[in-house]
Amino acid sequence: MSEEKLYAVKDDEGKYLDMDPAPWWDGQVGTAVRSIDVALTWAKNHGGHVVALIEEPEKVVISKTNALRQGWLVA
């Protein structure tokens with residue numbers, strides 16, 4: 000998984016700022032950018048707050064024994 004982050008601007012109602020072709024708020028889509036500075040500027044100019052979009056890590060299944068060894072599970 001890449002350490003590169005994407006940022007979007009979200010309002011208090013859960014809508015995302017879509018900048019294409021003009022700024023507007025949408026409940027299902029939004030514009031993501033690589034630069035937090037751009038996202039902060041959009042949030043300042045249009046309201047809302049910056050959120051980081053992350054990739055969900057791949058899920059793996061391990062045994063209880065392995066979880067205990069890794070310290071992920073307390074006996």
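For the sequence shown, numbering that gives the first Met the number 0 assigns the number 0 to the initial residue and increments by one for each residue that follows. Glycine residues also receive a C-beta, built at the ideal position from the N, C-alpha and C atoms. Source: prediction; values computed, not measured.
How about residue i and residue j: do their beta carbons lie closer than 9 Å?
i: residue 5; j: residue 31; result: yes
i: residue 11; j: residue 47; result: yes
i: residue 8; j: residue 51; result: no
According to DSSP, is residue i part of a helix, a strand, or is it coil?
i: residue 52; result: strand
i: residue 63; result: helix
i: residue 1; result: A caution first: residue 1 carries a pLDDT of 48, below 50, which makes its placement in the model unreliable, though a value can still be read off. In this structure, residue 1 counts as coil in the three-state DSSP scheme.
i: residue 31; result: coil
Tell me whether residue i is buried or exposed, calling it buried when 16 or more other Cβ atoms sit within 10 Å of its Cβ.
i: residue 49; result: buried
i: residue 13; result: exposed
i: residue 70; result: exposed
i: residue 29; result: buried
Taking the DSSP output, what are the residues bridged to residue i?
i: residue 23; result: 17
Can you confirm whether the segment 18-35 touches the segment 54-72 when touching is taken to mean that 3 or more C-beta pairs between the two stretches lie within less than 8 Å?
Per the Cβ contact rule, the segment 54-72 is not in contact with the segment 18-35 (fewer than 3 Cβ pairs under 8 Å).
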